[in-house]
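Here the numbering used here is used: the first residue of the sequence shown is 1060, the next is one more, and so on. Where is the CB? At the ideal position from N, CA and C, for every residue including glycine. This report refers to the structure that appears directly beneath it.
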Amino acid sequence: MSLRRTRERLRTATALAVGLGLAVSLASCGKAAQVHEPGGGPHRGGLHIGLLLPDNEIARFARFDKPLIKKKVKELCPRCTMEYASAQHDAANQQHQVDAMIANGIEVLILDPVDSKAIRASVIKAHRANIPVVAYDRLAEGPVSGYVSFDGARVGRLQGEALLRALGPDARHKQIVMMNGSSTDPNAGWFERGALSVLRGKVKIGKSYETVGWRPENANLNMTGAIAALGAQHIDGVYAANDGLAAGVIAALKAARIHPLPPVTGQDAELAAVQRIVAGEQYMSVYKPFKPEADAAAAMAVALGHGKTLDGIAKQKVNNGPTQGIPAVLLEPIPLTVHNIKSTLIKDGMYTIDQICTEKYVADCRKAGLIR
1060 MSLRRTRERL
1070 RTATALAVGL
1080 GLAVSLASCG
1090 KAAQVHEPGG
1100 GPHRGGLHIG
1110 LLLPDNEIAR
1120 FARFDKPLIK
1130 KKVKELCPRC
1140 TMEYASAQHD
1150 AANQQHQVDA
1160 MIANGIEVLI
1170 LDPVDSKAIR
1180 ASVIKAHRAN
1190 IPVVAYDRLA
1200 EGPVSGYVSF
1210 DGARVGRLQG
1220 EALLRALGPD
1230 ARHKQIVMMN
1240 GSSTDPNAGW
1250 FERGALSVLR
1260 GKVKIGKSYE
1270 TVGWRPENAN
1280 LNMTGAIAAL
1290 GAQHIDGVYA
1300 ANDGLAAGVI
1310 AALKAARIHP
1320 LPPVTGQDAE
1330 LAAVQRIVAG
1340 EQYMSVYKPF
1350 KPEADAAAAM
1360 AVALGHGKTL
1370 DGIAKQKVNN
1380 GPTQGIPAVL
1390 LEPIPLTVHN
1400 IKSTLIKDGM
1410 YTIDQICTEK
1420 YVADCRKAGL
1430 IR
C-alpha cells in the first residue's frame, strides 16, 4: 500500500472517530464545529497546512500576514509544514490552487478568498475531503469551520466618523464621493454599511462607486469620472474603503489640480498611506494589527487539524448563508491619523521612524513631531 493511501486511510479513520464524538452536538444544533484553543504548549503531531492568500498587490499580505501565520504555526506545532500560494487576484486560479492542495494532502486550509462566492465549490470540496477551512480576513461561502477578521462594520463607522470630523460642523452642506470596495468581497459590503450608518443624512453623497477588484487604477478612473460629473470644486471629501483606493483617488485629485486636497479616508495602514498622512495628502487610515489576526488563524488551524474545538479561541459567531454559527474572532480596528502614528504603528513595531521618514518626508515628519 502506498504511503499516500495509508495516510489518507489514517486521516479518514481519525475524522470518523472525531465525528462520532461530535455527532450528538452537531446533530442537535446544525452548526459548524466549534473548537478549543490548543493548550499545554506546542503540539507534537505534525500537520500539513495550506495557506492561500488572494494577491501580492496589497502590501500587507507578503509583508505581514504570510510570515506571521507561518511563525505562529511553528510556535504552536513545530512539526507542522505549510504550503503557500498566492492567487494573483484570480478567482479561477485560486480554485485550482485549492484542488492542488487537496491533491497534495493538506490537512487544514487557511483561505483568504479572492471571490467569496466563487470559492464556495472549493470549500465544499475541501469539506468533503475532511479538510477544515479557516476563512481568513474575508468570509468565504460554504462550510467553513472558523473565521478570523476585523469587525468590518466597525471599520466603516470609524472611517465615516473621521470623515465627518474632517468636514467640520457644516458637513450637511458638503458633498462627498464614496469609493467602495469590490462586491466579490463581503468585507466591502460591511465597510460600506458601517460608513453609511454614520454618513447617511449628515452629508450629501454625490457619487458612490464599486471599485472592481479593489484596484487603485479603477478607483482612479472612478474618481476622474466623479470630478467630471460633479465639478472639481464640489467635492469636499472622499470615503475610500482602503489605502490602495485612496492612492488612486488622490492621484486623480492631483491630476485635476484640486488644491487643497479634500480629506480622504483609507484602511490597512500601508506604508505609502502613512507617508501620505504625514504629508497631509490622506486624512486617515484604519490600523488593523495583523499579528493578532494571524495568530488567531494559526491557532484555529492547528486546533482543527488536531480535532480540537475552537471554544478557547473563538468567542463570536457569524453566518455565511446556509452555514450558521461559524466560530469567529472579530478584532477591534484602530483609527489612524497623523496624531497617533507613534502610539500605534511605531510602538507596535509595524514600521520604524526611518521607514516612514525617508528623505522626501523629513520636513513633514518634523512638522508631525515624528522627528526633531
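Please state whether the Cβ-Cβ distance between residue i and residue j is less than 8 angstroms.
i	j	result
M1238	V1345	no
V1193	L1363	yes
L1404	V1333	yes
I1294	G1265	yes
N1246	G1253	no
C1139	L1106	yes
I1108	I1190	no
A1356	I1169	yes
R1231	V1262	yes
A1358	I1372	yes
N1163	E1142	yes
A1185	V1236	no
P1392	R1213	yes
P1275	L1304	yes
A1287	V1167	no
D1423	A1328	no
Is residue i near the ligand MN - that is, is its Cβ less than 7 angstroms away from at least one heavy atom of it?
i	result
P1322	Questions concerning the ligand MN fall outside what the structure shown contains, since it holds no ligand whatsoever.
To the nearest angstrom, how far is the alpha carbon of residue i from that of residue j?
i	j	result
V1508	I1430	With the chain represented from 1060 up to 1431, any question about residue 1508 goes unanswered, as that position is not in the structure.
P1113	L1258	30 angstroms
V1271	D1174	11 angstroms
A1121	A1144	11 angstroms
G1428	G1211	31 angstroms
L1135	E1200	28 angstroms
R1119	D1229	36 angstroms
G1215	E1251	6 angstroms
Y1206	A1387	5 angstroms
P1321	L1127	36 angstroms
L1222	L1395	12 angstroms
A1306	G1104	45 angstroms
A1314	A1291	11 angstroms
I1183	K1176	12 angstroms
L1330	D1124	15 angstroms
D1171	V1203	12 angstroms
L1226	V1132	44 angstroms
Y1298	K1233	13 angstroms
E1269	L1255	14 angstroms
K1406	A1188	43 angstroms
A1310	W1249	26 angstroms
N1301	S1208	15 angstroms
K1350	Q1326	16 angstroms
E1418	Y1410	16 angstroms
K1343	I1336	Reading off the sequence shown, one finds Met at residue 1343, where the question assumed Lys. Computed Cα separation, rounded: 6 angstroms.
S1267	I1178	27 angstroms
K1376	K1367	17 angstroms
W1273	K1129	26 angstroms
Within 10 angstroms of its Cβ, does residue i collect 16 or more other Cβ (buried), or is it exposed?
i	result
H1398	exposed
I1412	exposed
A1147	Strictly speaking, residue 1147 in this sequence is Gln, with Ala absent from that position. Looking at its Cβ environment, which holds fewer than 16 other Cβ atoms inside 10 Å, Q1147 is exposed.
R1197	buried
H1365	buried
N1378	exposed
T1432	With the chain running from 1060 to 1431 in the structure shown, residue 1432 is simply not present.
P1137	exposed
N1277	buried
D1158	exposed
N1279	buried
R1425	exposed
G1219	buried
R1316	exposed
D1370	exposed
T1243	buried
Y1281	This sequence places Asn at residue 1281; Tyr is not what is there. So N1281 ends up on the buried side.
S1181	buried
G1408	exposed
Is there a Cβ from chain B that is less than 8 angstroms from the Cβ of residue i?
i	result
L1404	In the structure shown, chain B cannot be found, because there is only a single protein chain.
Per DSSP, residue i is paired with what?
i	result
P1392	The partner list for P1392 (beta bridge, DSSP) is empty, contrary to what the question assumes.
M1141	I1108
V1262	R1259
L1222	Answer is none; L1222 lacks a bridge partner.
G1007	Here the chain has residues from 1060 to 1431 only, and residue 1007 is not among them.
K1376	P1386
Q1234	K1263
L1170	L1111, A1194
G1371	Bridge partners of G1371: none, in fact.
V1297	V1236, V1323
Y1268	M1238
S1344	L1395
Validate contact between the segment 1145 to 1157 and the segment 1374 to 1391 using beta carbons, cut 8 angstroms, 3 pairs
no
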